[in-house]
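Numbering (my numbering), first residue to last: 725 to 1074.
In what follows, a single structure is set out as C-alpha cells and then discussed.
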Ligand SMILES: Cc1cc2nc3c(=O)[nH]c(=O)nc-3n(C[C@H](O)[C@H](O)[C@H](O)COP(=O)(O)OP(=O)(O)OC[C@H]3O[C@@H](n4cnc5c(N)ncnc54)[C@H](O)[C@@H]3O)c2cc1C
C-alpha cells in the first residue's frame, strides 16, 4: 500500500480513469475508492477566534486549551458532538449552555425516551440545555460573544462550539459527473454511477436492501465495515452490504448505543427496562420483527439485538417489554452458539 500524505485528490476523470493530485501528478486507476468522509458544517456569520467546530485532531487541539474551569461555553446543536463536548466541558468545571432548535436532544436519531433521559442527565451535571431555541446571529463583544435567539434573547459566552452536523466531502465526485444526492450515491455493493468507482464511509449514500432506501451513515463502525466489505468485493467476492448501522456515544458515565439506524417505517416503540433507573432499551418493532434499538446502559440488549437483526426472528411487544424474557431464545436454533447449545443439553440431561 502506497501512502501519500500532504496531497489532495483534486480531480477525477472517469473516462480517462485518472486522478489529478494537488501536486499536479496524474494517477491512473483500474478501480477508484472514494473515502473522503465529511466535514463539520459551519454557519455563516458564526466565525472568529472564539468559534469552534470539532471534526479533526487539529480542531480538538484548538478547543482543548479553551476548556478551562470558569469559562462559559455555549454550544449550538444538541447532537452527538454537542452533547459529548457539553459533558466533557461540564466535568472540567465550565459553565455550559446548549442551544437546540428541536424540541428534544438527539431528536434526529434517538427514541424520545432516551433523548429525555439524556437531557435530564445533562441538567443534573449543571448543563443549561435549552431546546426549542434557534440562535439567529452572533456578535463579538470586548471580552466574548453574544448570541441572539429568534425570540430576541441574548446569551453571552466566552467560547462557542458549533455542532450542527456534517457535510459529505462529495464535491470531487460531483465535479466528475458521479451521482451525488446528499452523499455519493452507491448501490448495495458500494458502486457509484461511474464504472469502477466506489464510495465508502461517511461520504457514501449507500442503498441498504434491509431498509429499502439509501442510507448515509456517519459512524465509525459502518465506515470500517464498508472498507472491509469493499475490499472483499474488489478481490472477487462481491456481496451486498446488509449490515445494520451501529453506533455509540459516551456522555458522563453513560453509554448510548444504537443499532438499526434511523429506521423509518410503521414500527411500534417498545421500552424494556426502567426509564426512571436510566437503564433501558427502546425497540422499534414492526411486523413481529425488531427493526432498530436504542439502548441506555444496556450493552447486553444491544449485543443480542445486533445478532437478531441479522437473522429471521419473530417477537411480540409483550415479550420485548418483559425483562425476564430472554432475547437469546429468539435466535434460530442453528444460529445459537454451540456453547449455549451444550449448556442447554447439559441442563436437559440433569
Ligand atoms: C468529534 C467526533 C466524534 C465522533 N464520535 C463517534 C463515536 O463515538 N462513534 C461513532 O461511531 N462515530 C463517531 N464519529 C464519526 C466517525 O468519526 C466517522 O463516521 C468516521 O471517521 C468516518 O470515516 P471515513 O473514513 O468515512 O471518513 P473520515 O474519517 O472523515 O476520513 C476521510 C479522509 O479523507 C481525506 N480527504 C478528504 N478529501 C480528500 C481529497 N480530496 N483527497 C484526499 N483525501 C481527502 C480527509 O482528510 C480524511 O483523512 C465521530 C466524529 C466526530 C467528528
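Where is the CB? At the ideal position from N, CA and C, for every residue including glycine.
Three-state secondary structure (DSSP) of residue i
{"i": "residue 900", "result": "coil"}
{"i": "residue 1155", "result": "Since the first residue shown for the chain is 725 and the last is 1074, residue 1155 is missing from the structure and cannot be characterised."}
{"i": "residue 984", "result": "coil"}
{"i": "residue 842", "result": "helix"}
{"i": "residue 874", "result": "coil"}
{"i": "residue 683", "result": "Missing from the structure shown is residue 683; the chain here goes from 725 to 1074 and no further."}
{"i": "residue 959", "result": "coil"}
{"i": "residue 869", "result": "strand"}
{"i": "residue 1016", "result": "strand"}
{"i": "residue 857", "result": "coil"}
{"i": "residue 892", "result": "strand"}
{"i": "residue 937", "result": "strand"}
{"i": "residue 852", "result": "strand"}
{"i": "residue 793", "result": "coil"}
{"i": "residue 1037", "result": "coil"}
{"i": "residue 837", "result": "helix"}
{"i": "residue 804", "result": "helix"}
{"i": "residue 812", "result": "helix"}
{"i": "residue 948", "result": "helix"}
{"i": "residue 1047", "result": "coil"}
{"i": "residue 943", "result": "coil"}
{"i": "residue 744", "result": "strand"}
{"i": "residue 1025", "result": "helix"}
{"i": "residue 967", "result": "coil"}
{"i": "residue 819", "result": "strand"}
{"i": "residue 733", "result": "strand"}
{"i": "residue 1009", "result": "strand"}
Cβ pair residue i, residue j closer than 9 Å
{"i": "residue 944", "j": "residue 971", "result": "yes"}
{"i": "residue 765", "j": "residue 776", "result": "no"}
{"i": "residue 778", "j": "residue 802", "result": "no"}
{"i": "residue 919", "j": "residue 908", "result": "no"}
{"i": "residue 854", "j": "residue 824", "result": "yes"}
{"i": "residue 975", "j": "residue 811", "result": "yes"}
{"i": "residue 911", "j": "residue 937", "result": "no"}
{"i": "residue 890", "j": "residue 815", "result": "no"}
{"i": "residue 960", "j": "residue 946", "result": "no"}
{"i": "residue 921", "j": "residue 760", "result": "no"}
{"i": "residue 738", "j": "residue 887", "result": "no"}
{"i": "residue 769", "j": "residue 862", "result": "yes"}
{"i": "residue 1019", "j": "residue 968", "result": "no"}
{"i": "residue 958", "j": "residue 743", "result": "no"}
{"i": "residue 991", "j": "residue 1015", "result": "yes"}
{"i": "residue 740", "j": "residue 752", "result": "yes"}
{"i": "residue 876", "j": "residue 935", "result": "no"}
For residue j and residue i, believed in contact at Cβ under 8 Å, the rounded distance
{"i": "residue 983", "j": "residue 1026", "result": "6 Å"}
{"i": "residue 795", "j": "residue 882", "result": "5 Å"}
{"i": "residue 973", "j": "residue 848", "result": "About 17 Å; that fails the 8 Å criterion."}
{"i": "residue 838", "j": "residue 980", "result": "6 Å"}
{"i": "residue 871", "j": "residue 923", "result": "Actually they do not touch by this definition, with Cβ atoms about 37 Å apart."}
{"i": "residue 800", "j": "residue 859", "result": "6 Å"}
{"i": "residue 731", "j": "residue 745", "result": "5 Å"}
{"i": "residue 885", "j": "residue 806", "result": "7 Å"}
{"i": "residue 857", "j": "residue 873", "result": "5 Å"}
{"i": "residue 916", "j": "residue 879", "result": "Not a contact, Cβ separation roughly 43 Å."}
{"i": "residue 1037", "j": "residue 1013", "result": "6 Å"}
{"i": "residue 1024", "j": "residue 869", "result": "Actually they are not in contact, since the Cβ atoms of residue 1024 and residue 869 sit about 44 Å apart, beyond 8 Å."}
Contact set for residue i: own chain, Cβ-Cβ below 7 Å, skip 5 residues either direction
{"i": "residue 1022", "result": "997, 1003, 1004 and 1005"}
{"i": "residue 962", "result": "913"}
{"i": "residue 933", "result": "912, 964 and 966"}
{"i": "residue 1044", "result": "994, 996, 1007 and 1009"}
{"i": "residue 904", "result": "894, 897 and 898"}
{"i": "residue 840", "result": "828"}
{"i": "residue 956", "result": "963"}
Neighbourhood of residue i by C-beta distance below 6 Å, restricted to the same chain and skipping five residues each side
{"i": "residue 1039", "result": "1054"}
{"i": "residue 1056", "result": "1035"}
{"i": "residue 1049", "result": "1043"}
Neighbourhood of residue i by C-beta distance below 8 Å, restricted to the same chain and skipping five residues each side
{"i": "residue 735", "result": "743, 744, 896, 899 and 900"}
{"i": "residue 750", "result": "742, 743 and 744"}
At which residue ranges does the stretch 746-782 contain complete beta strand (DSSP E) runs of 3 or more residues, listed in the order of the chain?
At a cut-off of 3 residues, the continuous stretches assigned as beta strand (DSSP E) that sit fully inside the stretch 746-782 are 750-752, 756-758 and 762-764.
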